[in-house]
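Below is one structure; the comments refer to it alone.
Shown next as structure tokens:
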């Protein structure tokens with residue numbers, strides 16, 4: 456089976472492929488908000504139907520949360536079995552007033568930097584997921600078959616902590632076994648260099664709810680004498696970093712490794728444009744640990760971020776209320792062998808130690824995953840790197856990633872395979888933000904990249920990672 | 456003109472008076488939210504019409520914001536001219552899910568502590584305002600006239616900083632001149648002792664909006680390297696109090712007087728139930744300056760409170776966003792001769808001094824008023840105190856008040872009259888909170904109290920304060 460006609464088919468069908476993606480983007484599959492439960496279900500149905508349309512044996516698999524989609528298509532017996540993972544759920548859209556159009560009325564726009572697909576999920580992760588689906592469709596269209604056996608595995612809870620994922624993978628371990636795992640949820644390095652991510656940070660999500668008085672009070676009547684939970688919350692959060700930018704949670708840095716010299720050298724060679732990276736979002740000073748480089752701050756150092764805070768009156772005008780409650784959402788990005796459960800325990804103990812009498816705290820869990828390091832000595836890593844290098848102007852590289860993609864670690868633990876994280880998003884895609892987009896070029900060359908990788912990996916002997 | 460039939464008329468008409476108040480409470484006159492502008496207008500119309508119904512020459516007076524209502528009714532030439540002030544606007548109703556019924560569908564409820572009028576504004580200030588209107592109606596009903604000349608002056612912006620009030624009072628100074636000013640927006644001391652407030656705290660309202668990156672970011676991609684405005688805001692707010700509970704804004708305590716010994720003694724004699732006051736809202740520890748009594752904390756000491764805070768994702772679930780902005784509403788209660796404009800300047804300088812590079816701040820003003828001290832040596836203060844003592848089981852007292860009622864200072868500066876602040880609210884009225892109520896007993900005896908005060912003050916020689 457030759458690659459050449461497949462690439463030609465992809466080029467010829469780009470308009471049809473784009474229209475299919477727009478159909479999927481119209482579905483409001485926000486997984487974190489219970490109001491959108493039926494939309495998530497609808498997105499899963501759409502994917503099952505789309506896979507079936509070119510011969511994949513696909514089905515929707517129920518979970519206690521949003522459903523999984525699994526599909527299988529056979530291939531030559533001597534080629535390796537590939538599994539591809541993506542997620543069909545998307546982030547919430549607020550602040551909605553900062554969007555220039557309805558997040559779920561996607562469109563292809565001409566911009567000064569080229570054509571883009573605009574809409575929630577266009578980049579994270581529906582657009583990326585569909586690059587692989589379209590590559591497979593083109594293979595089947597030209598050759599009536601795939602060059603290797605492929606399993607499709609799509610999740611609908613990635614943006615809300617994946618509560619059903621691990622139990623599902625454990626229960627369906629045999630069906631999810633493969634020789635190679637591909638995941639498309641990452642980006643081009645510096646928006647141009649194709650990259651395989653081999654180092655991923657873990658994530659611990661925590662919510663703190665502080666309660667002082669048992670009802671909202673008038674700050675004229677009680678101000679000065681009744682404890683204000685926002686004041687206490689501010690002190691708790693302000694104490695999370697010391698004046699060197701280090702996280703103060705006790706024993707937080709246990710298990711944080713120093714970067715090996717060879718990796719440090721490789722990262723230096725990438726000539727990361729620190730100024731441009733920050734300048735793109737109107738910043739100029741790295742805000743993390745004072746003695747670390749920006750690339751370390753986002754790839755190999757752990758962090759603590761406050762992702763949301765709320766208390767009292769936040770509408771228009773002013774209200775002299777002394778609120779009963781205040782809350783914050785806090786997350787930790789983890790590296791090396793940091794243990795999220797131990798950090799959760801130490802974080803909660805720290806919060807409790809900061810509370811004055813009369814203030815109670817409640818905690819909510821929002822996920823806990825360890826960092827991951829891929830086994831890059833498997834042959835398919837180098838095959839995929841060379842295939843990517845054929846498609847793009849720059850040679851592909853092995854890199855780190857600041858984001859948390861817990862699925863990578865789940866595959867390592869449950870099926871024993873180190874997944875290859877390959878994606879085509881750009882830094883200005885505004886994922887998780889208003890006006891999210893995916894470059895039409897990312898979509899087009901992304902599809903072509905997967906066609907090449909299928910070809911490259913199929914031609915090689917299966918490798919047991 | 457005898458008082459006795461007036462009191463009997465009040466008792467006989469209580470049901471009708473209550474129904475009129477319920478009518479007024481149904482109007483959603485939330486002044487701080489522009490969505491309710493026409494409701495505020497409707498409340499003003501209702502009051503004009505109600506005053507006219509018993510012969511008052513009343514009219515609605517436009518302002519750049521919500522309208523004022525002014526009414527006049529003549530009286531005997533030898534009696535003093537009294538002006539009464541109240542406000543018809545109310546606080547917002549959120550958190551709406553903590554209300555047991557629609558805040559604007561008021562009702563008279565039987566409770567274990569007696570009958571109450573339930574609904575937003577029942578206590579603050581529609582119910583209190585109507586106590587005076589009903590007292591006047593009863594006088595006119597029995598005697599065809601009032602015992603003295605009365606001017607009614609109702610505002611619709613008290614809960615949103617009264618932006619139109621001072622210009623209006625200055626422009627209409629001649630029409631608002633009187634010998635005595637009565638204001639009904641305060642409460643019974645310890646929910647039972649009738650009180651005339653002679654010391655009021657001022658109020659400075661400020662809003663801080665911090666901006667870091669120019670868009671919301673993914674905390675995986677930027678977490679650790681991009682400054683987080685919530686983290687900075689926490690540090691700013693956490694630094695507003697030292698570990699002794701004192702406010703740290705530079706020069707904040709300039710103009711804060713120590714309490715005179717005789718007033719301190721008078722307050723000691725009140726036997727304030729500190730434990731009960733805090734226990735009512737499920738607290739047990741005074742949270743203000745460590746070396747002050749709770750009564751000082753709420754009456755004679757200045758404070759700094761955070762009334763609202765907002766940033767990042769605050770909905771259900773979790774979102775790993777690194778937000779572009781975070782904001783807080785901060786207010787200061789002021790005493791003595793503290794200068795709100797100087798404190799604003801020093802507060803803003805403090806905030807700016809706490810900002811790292813890359814974080815910008817914008818400020819919004821939400822009102823600035825000095826503290827007030829009444830000239831209690833005017834004869835009508837003692838006349839009113841005795842009249843109140845006749846109505847209630849306890850003898851009436853001169854007290855302080857932690858809340859800010861800027862109108863008191865405006866009268867002192869613009870008309871030269873020290874107003875008498877008399878009200879019948881109870882500590883558990885939940886003003887500004889869900890399930891606000893006003894005891895039917897407060898309403899009934901409040902009306903009777905004003906009938907007595909009109910009688911007492913009218914019989915005396917006019918006093919020029």
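Residue numbers (the working numbering), protein chains in the order written: chain L, 456 to 920; chain S, 456 to 920. Where is the CB? At the ideal position from N, CA and C, for every residue including glycine. Computed from a predicted structure; not experimentally measured.
Backbone CA spacing between residue i and residue j [nearest angstrom]
i                     : j                     : result
residue 719 (chain L) : residue 877 (chain L) : 21 angstroms
residue 750 (chain S) : residue 677 (chain L) : 10 angstroms
residue 565 (chain L) : residue 478 (chain S) : 57 angstroms
residue 714 (chain S) : residue 792 (chain S) : 13 angstroms
residue 796 (chain S) : residue 706 (chain S) : 12 angstroms
residue 596 (chain S) : residue 583 (chain S) : 20 angstroms
residue 834 (chain L) : residue 873 (chain L) : 12 angstroms
residue 934 (chain L) : residue 613 (chain L) : Residue 934 (chain L) falls outside the range modelled here, since chain L spans only 456 to 920, and no answer is possible.
residue 918 (chain L) : residue 493 (chain L) : Here the model assigns residue 918 (chain L) a pLDDT of 36, short of 50, so the residue's position is not dependable, and the following value carries that caveat. Spanning the two alpha carbons is a distance of roughly 40 angstroms.
residue 894 (chain L) : residue 483 (chain L) : 21 angstroms
residue 683 (chain S) : residue 887 (chain L) : 16 angstroms
residue 673 (chain L) : residue 704 (chain L) : 35 angstroms
residue 891 (chain L) : residue 515 (chain L) : 27 angstroms
residue 585 (chain L) : residue 634 (chain L) : 22 angstroms
residue 884 (chain S) : residue 471 (chain S) : 22 angstroms
residue 920 (chain L) : residue 708 (chain L) : Because residue 920 (chain L) sits at a pLDDT of 33, beneath the cut-off of 50, its placement in the model cannot be relied upon, and the point is left open.
residue 745 (chain S) : residue 812 (chain L) : 14 angstroms
residue 875 (chain S) : residue 530 (chain S) : 20 angstroms
residue 798 (chain L) : residue 655 (chain S) : 48 angstroms
Endpoints, the alpha helix (DSSP H) within which residue i is located
i                     : result
residue 900 (chain S) : 895-914
residue 597 (chain L) : 581-598
residue 635 (chain S) : No alpha helix (DSSP H) contains residue 635 (chain S), which is instead part of the beta strand (DSSP E) from 635-638.
residue 836 (chain S) : 834-846
residue 632 (chain L) : Residue 632 (chain L) -> no alpha helix (DSSP H), and no H or E assigned at all.
Opening and closing residue of the beta strand (DSSP E) in which residue i lies
i                     : result
residue 566 (chain L) : 562-566
residue 819 (chain S) : 815-824
residue 736 (chain L) : No beta strand (DSSP E) holds residue 736 (chain L); DSSP gives it neither H nor E.
Beta-carbon neighbours of residue i, restricted to chain L and to distances below 7 angstroms
i                     : result
residue 546 (chain S) : 774
residue 760 (chain S) : 674, 678, 683, 777
residue 752 (chain S) : 679, 680
residue 660 (chain S) : 773
Beta-bridge pairing of residue i - partner residues as DSSP gives them
i                     : result
residue 786 (chain L) : L:660, L:760
residue 528 (chain S) : S:605
residue 886 (chain L) : Bridge partners of residue 886 (chain L): none, in fact.
residue 718 (chain S) : None; residue 718 (chain S) has no bridge partner.
residue 776 (chain L) : L:673
Closer than 8 angstroms at the beta carbon, the chain L residues around residue i
i                     : result
residue 739 (chain S) : 812, 813
residue 821 (chain S) : 772, 773
residue 692 (chain S) : 685, 686, 689, 693
residue 885 (chain S) : 670
residue 615 (chain S) : 772, 773
residue 756 (chain S) : 679
Chain-ordered neighbours of residue i on chain L, where CB pairs are closer than 9 angstroms
i                     : result
residue 888 (chain S) : 670, 671, 672, 673, 776, 779
residue 489 (chain S) : 771, 772
residue 857 (chain S) : 673, 674, 675, 676, 677, 678, 679, 680
Beta-carbon neighbours of residue i, restricted to chain S and to distances below 9 angstroms
i                     : result
residue 749 (chain L) : 679, 680
Interface residues of chain S facing residue i [CB-CB closer than 8 angstroms]
i                     : result
residue 621 (chain L) : Neighbours of residue 621 (chain L) on chain S: none; closest Cβ ~17 angstroms, over 8 angstroms.
residue 696 (chain L) : 686
residue 768 (chain L) : 547, 549, 762, 763, 784
residue 788 (chain L) : 674, 675, 678, 679
Contact set between residue i and chain C, taken where Cβ atoms lie within less than 9 angstroms
i                     : result
residue 667 (chain L) : The chain inventory of the structure shown lacks chain C, comprising the protein chains L and S.
Contacts of residue i in chain S (Cβ-Cβ under 7 angstroms)
i                     : result
residue 556 (chain L) : Neighbours of residue 556 (chain L) on chain S: none; closest Cβ ~16 angstroms, over 7 angstroms.
Requested in this report: Please confirm if the stretch 902-914 of chain S is in contact with the stretch 531-548 of chain S, defined as three or more CB-CB distances below 8 angstroms between the two stretches.
Outcome: yes
Requested in this report: Specify whether the stretch 650-657 of chain S and the stretch 832-851 of chain S touch according to this definition: at least 3 beta carbon pairs, one from each stretch, less than 8 angstroms apart.
Outcome: Taking 8 angstroms as the limit for Cβ pairs, the verdict is that the stretch 832-851 of chain S does touch the stretch 650-657 of chain S.
Report task. Could you tell me whether the stretch 473-487 of chain S touches the stretch 572-581 of chain S, using the rule of 3 or more Cβ pairs below 8 angstroms? Result -> yes
Query raised in the report: Taking one C-beta from the stretch 541-561 of chain L and one from the stretch 460-468 of chain S each time, how about it: are there three or more such pairs within less than 8 angstroms?
Result: no
Query - the stretch 822-831 of chain L in contact with the stretch 857-865 of chain L per 3-pair CB rule at 8 angstroms - result: yes
Query raised in the report: So does the stretch 749-766 of chain L actually touch the stretch 749-768 of chain S, counting three or more Cβ pairs closer than 8 angstroms?
Result: yes
Query raised in the report: When the Cβ atoms of the stretch 776-795 of chain L are set against those of the stretch 686-706 of chain L, are three or more pairs found closer than 8 angstroms?
Result: yes
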